[in-house]
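Q: Residue numbering for the sequence shown is 760 to 892, as defined by the working numbering.
C-beta: ideal position from N, C-alpha, C; glycine also.
Predicted, not measured: the structure shown is a model, and the values here were computed from it.
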Amino acid sequence: MTKYVLVSLGVGVLFVVLDGLLNVNPLARRVHAAYEPIARKTLNPLLATAIDMAYGFVIAGLYLLLRDSLPGAGWAAKAASYAAILWILRVVMATLSHWVMFDVPARSHSYDLAAGLLEMLAIAALCAAVLGG
760 MTKYVLVSLG VGVLFVVLDG LLNVNPLARR VHAAYEPIAR KTLNPLLATA
810 IDMAYGFVIA GLYLLLRDSL PGAGWAAKAA SYAAILWILR VVMATLSHWV
860 MFDVPARSHS YDLAAGLLEM LAIAALCAAV LGG
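(1) Asp811: which of Gly771, Leu877 and Tyr794 sits nearest, CA to CA?
(2) Using the Cα positions of Ala832 and Ala793, report the straight-line distance between them to the nearest angstrom.
(3) How would you label Gly891, buried or exposed, when you count the other beta carbons within 10 angstroms and need 16 or more for buried?
(4) Once the 5 residues before and after His791 are set aside, which same chain residues still bring their CB inside 7 Å of it?
(5) Determine the DSSP secondary structure at Thr808, reduced to helix, strand or coil.
(6) Assign Gly779 to buried or exposed, taking buried as 16 or more other Cβ atoms, counted over all protein chains shown, within 10 Å of its Cβ.
(7) Drop a sphere of 10 angstroms on the beta-carbon of Ala819, count the other beta-carbons inside from all chains shown, and report buried for 16 or more, exposed for fewer.
Shown next, in the form of structure tokens:
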């Protein structure tokens, strides 16, 4: 249980850090400029951090539930397959929804898919490396 809590907190912190790095860098701000008119002018960092920390517990818990059924023998193979699941369910589905709902350049969606894949790979690798493969 202690390992689960520590990994959950680690995943939450990784979410906070990666969200900051991937969504606020100059390239991300350029490709997401089309969202400016509807974007919030101020961000509530406490709420955003709480949400990312909660995601950490959910994602680490799901890894524990799915770990034995993920393909591959080692932690790297399990991390890759878990990252693919997370990427499809979290990133691809959101990107497709945005593609249907918003008139933004394709590069915005492409950036979201690529950045989301990097984020899910890092998070899944942390889960698999510490919680076992």
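A: Checking against the coordinates, here is how it stands:
(1) Gly771
(2) 43 Å
(3) exposed
(4) Ser867
(5) helix
(6) exposed
(7) buried
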